[in-house]
Amino acid sequence: MKKIHISILALLTASMSLVSCNDWLDVSPKSQLEQDDLFGRESGYNDQLTGVYTKMCENSMYGLQMSIGFAEVLSQNYDINTSSDEWRYVREYDYKNSDVETVINNIWKNTYSCIANLNVMIESLETADKKMFTEGNDSVYLGEAIGLRAYLHLEMMRYFACAPSMDSSAKGVPFVTQYGVKVTGQKTVAETMQLIINDLLKARDLLKADPACQYSERFEWNTATSQRSPRFNYNACVATLARAYLWNGDKENALKYANEIIDINDGEEQLLNRPFSWVSPTVFQSSNKHDYQPSFYTEHIFRLSINEWEDNGNKYFHKEKGVNSLSPSYDYANEIYELSAGLGADYRLVYAFDQDGSERYLSKFWYMEGRQANGMIPLLRMTEAYYIAAECLKDSNPQRAVEILNYVRSNRGLSNNLLPETLTSEQINDEIFKEYRKEFLGEGQLFFYYKRLNASEIKGAPVPGSKSVYVLPIPSGDIEFGGYEN
Amino acid sequence: MRKIRCLLRQVAGSRIPTLLILLVLCLGVSAQRNAKVTMSFKNESMQSALKRLEKVSNMKILFTYEDVEGYRIDGDYKDTEVEGLLQMMLSGKPLDYSIEGNLVNITLRERLNDYEKARRGFSGHVIGDDGEPVIGATVRIMGTKHAVATDINGKFSFDVWPRGAQVVVSYIGMETATVKAAEDMRIVMKSDAKVISEVVVNGVFTRKANTFTGAVSTLKGDDLRSVGNQNILQSLKSLDPSFLQIENLGAGSNPNALPDFQMRGSSTVADVQGEYASSANQPLFILDGFESELTKIMDLDMNLVQSVTLLKDATAKAIYGAKAANGVIVIETRRPESGRIRVSYTGSLSLEAPDLSSYDMCSPAEKLEVERRAGLFTSKTGNIVEQLALDNTYSSKLAEIVAGAKTDWLAQPTRVGLGHKHSVYIEGGDQAMLYGVDLSYNRISGVLKGSDRTTFSGGVNLTYRWKSLQFRNKLTIDYNSSNNSPYGTFSDYVRMNPYSRLYDADGQLMKAYQYANNAGEIGLYYNPLYNTTLNIIDNSTYTTITENFYAEWQALESLRVTARFGLVHKTTTGDVFLPSGHTSFVNATDEFSKGSYDKSNGKYTDVSADLGVNWSKQMGKHLVFLNGQLNLTNNNYSTVGVKAVGFPNDQMNDITYAVQYAKNSAPTGTEGISRTVGGLASLNYSYDERYLFDANYRLTGSSETSRDNRWGSFWSIGAGWNVHNEKFMKSLKWVDRFKLRGSFGYTGSQGFSSYDAKATFTYYTNASYNGQIGSYVKKLANNDLRWQEKYDTNIGFDLTVLDNRLTARFDYYISTTDGMITNVTVPSTTGFSTYVANLGKVENKGFEAYLNWRALSAGRDYVNAFASVAANTNTLKKISNSLRAWNEQQDKTMLADKLTTPSVKYYEGCSMNAIWAVPSLGIDPQNGKEIFVKKDGTVTYDYDIADQVVCGDNQPKYNGTIGINGEIKGFGFSVTGSYRWGGQMYNTTLVEKVENCNLEYNVDRRVLTDRWQKPGDMALYKAVTDMSVTYPTSRFVEDYNLFTLSSLSLSYDFRDWKFVKNSFLERLKVSAYTSDLFHISSVKIERGTSYPFARTFSLSVQATF
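Chains as they are written, first to last, in the working numbering: chain A, 98 to 583; chain B, 442 to 1546.
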């Protein structure tokens, strides 16, 4: 009998300990945080978003390649020196070159890394206890994360898939919404665009709680240090919607969301404390060069503030880089800004170029000690909404289209060179192209303008535009291990 | 027994009441014993005689036929009293009589004693030689069925005491004792080393070897010590071929290099990340029941080792479940013995001499000739001025050599290292309290100047007994300090040109030399000796405190409850100081960044506790052992390292003198916690010691696996048949033991890092955004990550024949590791490139055979010869996609980095140790080019990496040991050799020092003798002028057979000398050892490239007071 008691006791001890063991075995690493720990408080979501923005600031992404570097070289806005070892193969669209391949692979890899980081956060957020958030903040975080994820997917579409105008039934890029080992397959361009747009719409709804669209006095709008304004906020979501619809060829919706942006700034009832506003010419008159804001940061809807800008800002737009410098030459810049047509007063030429030694360089993103605008790289500019609206209206309402373009001209020091209202649709189109070229110089957008229209001519390019130029190759590793194609 | 005590048959009850009745009867009956009778006997049987007497005397005579059978009576008796007649009749016979009234009782004399002594019986207690009572020992009266088991105090008693009885006491793990029965006897059982092989110690419990079905090798401490006195790992590999040290031709005999071992083949790929590459296949070490690190085992004082058990198959190792897949090595240290205080001292002196026999470098004149032949002194342009200059260079070099410029570079950094070792053990105590104190000091001086390893360790072992409770406590403190040689890497010296003088004309040590390379360009090369004149520090230390507590409660005769608690706390430091004058800072421009100091600190705490229940019972022919155990472990570790720079003065060699931290450096480190909980149930059943059965079940929960796969269960089943115990075998007298056994089951191993299964986040440490620090997810978590499982099947037999002279053991096994942990490549759309998963399968199969012949066994003298062989083949059955990608990467790297040694590649159906190279037909005698065979069979001069096939295997087909040892009249000897047969090696010396040789430096002599020179030469190697890179080719894959005389030792025991017998000395023994005296190899390759190999000679004295 005694034995039986003992064995019962042993069994009880065993089963009791097994139950409590599971908790004991949950070890939290000291040098790393577990998912539940990080996302167990509101600040964790902010930290995770900050992490994604930090990653986006890397050189392989918007810190260099997806803004002033690779992306802009593709647009041929810089007349790159043909002996540049860093950029010549990019300029020639030689995507097979191993250095270029590395740049492309990193764009793909790091963008999807950002997406994975957003996904893990979105998954936690969807199941999180909403009580831990300051009221409404949970929707803001969710909207920001979903919106940014859609933005990044749209970027991948712009780089790695056919534009809908080229072939909407071609394979799009994988639209990844899950963190995990499961491989996400590809859908067609049209389907993928729809997924992106759906997410953007969902994000827009969620971001209505965003203080950025409540226009209240308590929020300091567009200062360099303000927490929400440069981020992927409500307005960024709207602007992305306009961009996505236009990319998809849906002019009606593109116009709708472009107008929403225009109305904030130039609408019938202009809002006080606007989240973005036209650059004021007075800043250029300041005797202190540090106050210069040649990238017109008050006009940014969504931008990255790159901390480590000193390196790139001091090199690529200076003589230091020699043949690898990133600036249109003196003559090429004059051509872009139509000096011969008498448009030399353009702020974008006058204030965004400067001398370094004997040469003139693009000074839009120069790094200057103590300058507030250091490293502010715009990803969405309010003027894009104007161009989208103009493009959507050029056939149905050319006068309005011209009017919209003249808004821009008059805020670029060209009040005396306004476009005539009599312009034809084709002429308007040409003016829009010129605007893209001028406005986004150094920002990596023009290439996608060509691509969206499947243009056969890329100005300054050694080869004509074609699918092999417009669709960047998916990394070979992912073709092998993910079964992807493009 | 057939009785004819007719009368007494009516009286029921025991003998004592019967006698009482008889006594009562006596009182009333007058004595008839004095009645006189006359009788005559003629060779009459006793029973007939007694029956007649009964009639004649009118008395009742009681006897047993059996008792009196066979006795005959002769003689005439007249008017003799009955009693007198009886006396005469029984005289000279073992019969007694007693008369009670008219009853005569005839008994065997023995039986009478039986009666008398039965009233007393006898008792005693059994203790082990450690002074502890032996509980549950079987005490049997020899030749009878009387047997009892000792109680919790080791006591026993018999209620019978047959005259002259001998008692036989037996207990597993102890030598069976036979002692004459006595009052209140004290029987001491020896756990003599010889008997250890009769039990299996697995660190959790002890099993009778006779009924155990697992595959194990048990080695006694004395066996290990007779082979060598360096450390137990060195001795172990000389004795058991299944314990294989992975040959490291680089590290040689570096005392501070941790060797890499594996048992029964490798079951984990050296992962792409390489995190576990060095020890992925290392077996689990269990020291006194607790998991232990390899370092601890390596530095363990050999004199403390009682036994080492290698657990090989599933039955043996399943109790260690999740960690046991690579095999388990269980080390038990000695426990104090009872008695008066006893002091044992072992001291040894050892010499380590560098073994440079594998080097065959050019002499100054030969090297110059090589340079000349290679065209270093021939103008490429044919310019006559240039040629004249080159001629001048040549003649001045030649003149230098003739003048005696010659440096023996190999001798510069090497020395004969003098090491010494002292170990003291003090023990004693009584049954209640036993103590053992050990102290040891071991200093090993390596053959590279300045490299040494010093270990101090001390321990206190206390045992306390109170009633049915027993407590043991062992506290050990180890301190180790190791210095790496400031002389750096040995190969830096080997390659120096022999004609380079050490000192310049002023007698100053040369700082640099100018050497010409293959293209004739002159470069500057630093003298590696120069740095040694500086105050370099390369030291690491550790301090370990080990506390083991053990409590035992004998709850019932058959039930024992044990509890153990173990704590290991280890702190480590590492210091590497390079002064500013070091040649590595020659190119540094910033004065304040010259000189560097790397400092690291580590902390490691391991706590384990377990609670066990042991139950054993013999029920008739059924013998059952049951064990249960619950345990938990908690392991914390953390390391941190910093690097400081700027040490203006060589003497300011503390990190606090640094000017600053290294630029852009941050503290580095690792940190982790891992926990396990588990339970174990183990059953050993045997029927009549003939049919044997073992079953084990282990459940382990680990913090390192994913939440969904937290618990791993491992099990094993084994069966055995003691054929020698069958009736039909009894007639075969020459077979002493023949056991067949088989087992199968699962064990696990981990092989992934602490947090691989989880999505963990960390913060950017080098970037911020808008003044905030962001977080990111570190890796792709695999929720399905689980233990990698190894399925072992083992069959084998144990055979002992010819009066225990010849012992053989054989095991055949197939082990399949499933769910092998590897990196799996995923498309980067997941945000990551790889994750850790259970993919991949590898199979190891092979056999082990051991033969032992006791050639002589007389008293203490013996001669023993042994031989063993082990074979293992390794096959990858399934690999992950990342390994495929890895293969491609290896090929790419090979071409990009011009790697000349074969890369490790993983292909399904191939061995993990395969040597990949392109088959070669050798050097074309016509033009000195190498002819390759393509995959389609055609031949070509062009090397194509795609033509690589498996040209060999690094692992030996067979490896084993062979040896003889013995002791005759106090002289002991031991000779052990080890061999490998089959298998190949890629001869890197030939590739790097002969064919792809860099003429800047010295080269192997074969450059001069064996390279192609002119058409028609049947040369082994390409032309000396051919500067093309030789990629892996079958030409350098050589069959690798090796024999090493791993140990040779002699000893003498002074036990028979008077001065020992008559003094306080209990024992005095001197021994001499050598290790790695020589080796015979089929491959001529440089051994010990980073650190030379050493031959060790040592002399040791062992004394006990």
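Just so you know, even glycine gets a beta-carbon here, dropped at the ideal spot from N, CA and C. Given the structure is predicted, the values throughout are model-derived calculations rather than measurements.
For N883(B) and chain A, any beta-carbon pair shorter than 8 Å?
Residue mapping note: residue 883(B) aligns to position 442 of the second sequence, counting from 1. Chain A contact via Cβ: absent.
Measure the C-alpha to C-alpha separation of P1089(B) and Y928(B) and round it to an integer number of angstroms.
Walking along the second sequence from the start, residue 1089(B) turns up at place 648. Walking along the second sequence from the start, residue 928(B) turns up at place 487. Our two residues, P1089(B) and Y928(B), have alpha carbons roughly 21 Å apart in a direct line.
Would P1268(B) pass as an interface residue toward chain A - the criterion being a Cβ-Cβ separation below 8 Å?
As a working note, residue 1268(B) is residue 827 in the second sequence. Yes, P1268(B) lies at the interface with chain A (some Cβ there is under 8 Å from its Cβ).
Output the distance between the C-alpha atoms of N1437(B) and D453(A), rounded to the nearest integer angstrom.
In the second sequence, residue 1437(B) corresponds to position 996, counting from 1. In the first sequence, residue 453(A) corresponds to position 356, counting from 1. Approximately 51 Å, taken between the alpha carbons.
Could you check what DSSP says for A558(A) in three-state terms: helix, strand or coil?
For the purposes of this step, residue 558(A) is taken as the residue at position 461 of the first sequence. Of the three classes helix, strand and coil, the one that applies to A558(A) here is coil, per DSSP.
Backbone CA spacing between S460(A) and G410(A) [nearest angstrom]
Start at 1 with the first residue of the first sequence, and residue 460(A) comes out as number 363. Start at 1 with the first residue of the first sequence, and residue 410(A) comes out as number 313. Each residue's alpha carbon lies about 9 Å from the other.
Excluding the five sequence neighbours on either side, which residues of its own chain have a C-beta within less than 6 Å of the C-beta of S44(A), listed in chain order?
Here chain A has residues from 98 to 583 only, and residue 44(A) is not among them.
Who are W1156(B)'s beta bridge partners in DSSP?
The residue you call residue 1156(B) lines up with position 715 of the second sequence. Under DSSP, the beta-bridge partners assigned to W1156(B) are Y1138(B).
How would you write the range of the alpha helix (DSSP H) that Q291(A) sits in, first residue to last?
Counted from its first residue, the first sequence places residue 291(A) at position 194. V286 to L303 is the span of the alpha helix (DSSP H), which, as asked, contains Q291(A).
Using DSSP with H/G/I as helix, E/B as strand and the rest coil, what is V1267(B)?
Taking the second sequence and counting its residues from 1, one reaches residue 1267(B) at position 826. In the structure shown, the three-state DSSP call for V1267(B) is coil.
Could you tell me whether the Cβ of Y1210(B) comes closer than 8 Å to any Cβ of chain A?
Residue 1210(B) sits at position 769 when you count from the first residue of the second sequence. Interface with chain A (8 Å Cβ-Cβ cutoff): Y1210(B) is included.
Residue-level contact to chain C via CB, N471(A), 8 Å cutoff:
Looking for chain C here will not work: the only protein chains present are A and B.
Should K152(A) be flagged as near chain B, meaning a C-beta pair shorter than 8 Å?
As a first step, residue 152(A) must be located in the first sequence, where it is residue number 55. With its beta carbon less than 8 Å from one in chain B, K152(A) belongs to the interface.
Strictly below 9 Å CB to CB, what residues from chain A border T1012(B)?
To locate residue 1012(B), count along the second sequence from 1; it is residue 571. Within chain A, no residue comes near T1012(B); the closest Cβ sits about 18 Å away, beyond 9 Å.
By the 10 Å Cβ neighbour count, where 16 or more other Cβ atoms means buried, how is K444(B) classified, buried or exposed?
Taking the second sequence and counting its residues from 1, the one referred to as residue 444(B) is at position 3. In this prediction, K444(B) scores a pLDDT of 38, lower than 50, which makes its location untrustworthy; the coordinate-derived value is nonetheless stated afterwards. Counting other Cβ atoms within 10 Å of its Cβ, K444(B) stays below 16 and is therefore classed as exposed.
Report all residues from its chain with a CB closer than 6 Å to the CB of D1039(B); omit the five preceding and five following residues, and keep chain order.
One-based indexing of the second sequence puts residue 1039(B) at position 598. Result list for D1039(B): V1017 and K1084, in chain order.
Do R584(A) and Y331(A) have their C-beta atoms closer together than 8 Å?
Residue coverage of chain A in this structure runs from 98 to 583, which leaves residue 584(A) outside it and unanswerable.
is_contact[S1276(B), chain A] using C-beta, thresh 8 Å:
Start at 1 with the first residue of the second sequence, and residue 1276(B) comes out as number 835. It is Tyr, not Ser, that sits at residue 1276(B) in the sequence shown. Cβ-Cβ to chain A under 8 Å: yes for Y1276(B).
7 Å Cβ cut-off: residues of chain A touching K1199(B)
Locating residue 1199(B) in the second sequence gives position 758, where the first residue counts as 1. One finds E131 in chain A with Cβ atoms closer than 7 Å to the Cβ of K1199(B), taken in chain order.
Any idea if L517(A) is buried or exposed, counting beta-carbon neighbours within 10 angstroms, 16 or more meaning buried?
Here residue 517(A) is taken as the residue at index 420 of the first sequence, counted from 1. According to the sequence provided, residue 517(A) is Pro. The question's Leu does not apply to it. Exposed, by the Cβ-count rule.
Output the distance between the C-alpha atoms of S683(B) and A1311(B), rounded to the nearest integer angstrom.
By one-based count along the second sequence, residue 683(B) stands at place 242. By one-based count along the second sequence, residue 1311(B) stands at place 870. Answer to the nearest angstrom: the Cα atoms are 6 Å apart.
So if I threshold CB-CB distances at 8 Å, which residues from the segment 402-413 of chain A count as touching chain B?
Here the close residues are S402, N404 and E405.
Short of 8 Å Cβ to Cβ, which residues in the segment 167-196 of chain A face chain B?
Answer in chain order: no residues at all.
Ends of the beta strand (DSSP E) at E793(B)?
Translated into positions along the second sequence, residue 793(B) becomes position 352. First-last of the beta strand (DSSP E) with E793(B): G780 to D796.
Run through the segment 932-959 of chain B for me and flag every whole alpha helix (DSSP H) of 4 or more residues, listed as ranges in chain order.
For secondary structure counted as the alpha helix (DSSP H) over 4 or more consecutive residues, the segment 932-959 of chain B holds these complete runs in sequence order: 932-935.
Along the chain, where does the beta strand (DSSP E) containing M1060(B) start, and where does it finish?
Against the second sequence, residue 1060(B) aligns to sequence position 619. Looking at the DSSP string, the run of the beta strand (DSSP E) that includes M1060(B) is S1037 to M1060.
Is the beta carbon of F1238(B) less than 8 Å from the beta carbon of R1182(B)?
The residue you call residue 1238(B) lines up with position 797 of the second sequence. The residue you call residue 1182(B) lines up with position 741 of the second sequence. Yes, the pair counts as a contact, with Cβ atoms nearer than the cut-off.
Span of the alpha helix (DSSP H) around P495(A)
Here residue 495(A) is taken as the residue at index 398 of the first sequence, counted from 1. Note, P495(A): alpha helix (DSSP H), P495 to S507.
With a cut-off of 8 Å, does the C-beta of A225(A) fall near any C-beta of chain B?
As a first step, residue 225(A) must be located in the first sequence, where it is residue number 128. By the rule that beta-carbons nearer than 8 Å mark a contact, A225(A) does not touch chain B.
Step through the CB atoms of chain B and report whether any lies within less than 8 Å of the CB of L543(A).
Stepping through the first sequence from its first residue, residue 543(A) is reached at position 446. No, its Cβ sits nowhere closer than 8 Å to a Cβ of chain B.
Could you compute how far the alpha carbon of F1279(B) sits from the alpha carbon of M1261(B)?
Indexing the second sequence from 1 puts residue 1279(B) at position 838. Indexing the second sequence from 1 puts residue 1261(B) at position 820. Checking the sequence, you will find Asn at residue 1279(B) rather than Phe. Approximately 5 Å between the Cα atoms of the pair.
Run of the beta strand (DSSP E) containing E1479(B), from where it starts to where it stops
Here the question's residue 1479(B) lines up with position 1038 in the second sequence. Per DSSP, E1479(B) belongs to the beta strand (DSSP E) from V1478 to D1480.
Starting from the Cα of K915(B), find the closest Cα among N697(B), F990(B), H1010(B) and T505(B) and give me that residue.
The residue labelled residue 915(B) in the question sits at position 474 within the second sequence. That would be F990(B), whose Cα lies nearest to the Cα of K915(B).
At a CB-CB cut-off below 8 Å, which residues of chain B make contact with D144(A)?
The residue given as residue 144(A) occupies position 47 in the first sequence. Within chain B, Y1204, Q1213, I1214, G1215 and S1216 have C-beta atoms less than 8 Å from the C-beta of D144(A), given in sequence order.
Within its chain, find whatever has a CB closer than 6 Å to the CB of A606(B); leave out the 5 residues flanking it on each side and keep chain order.
Indexing the second sequence from 1 puts residue 606(B) at position 165. Taken in chain order, the residues that qualify are I582 and A622.
Output the distance between the C-alpha atoms of I727(B) and G655(B), rounded to the nearest integer angstrom.
The residue given as residue 727(B) occupies position 286 in the second sequence. The residue given as residue 655(B) occupies position 214 in the second sequence. About 18 Å.
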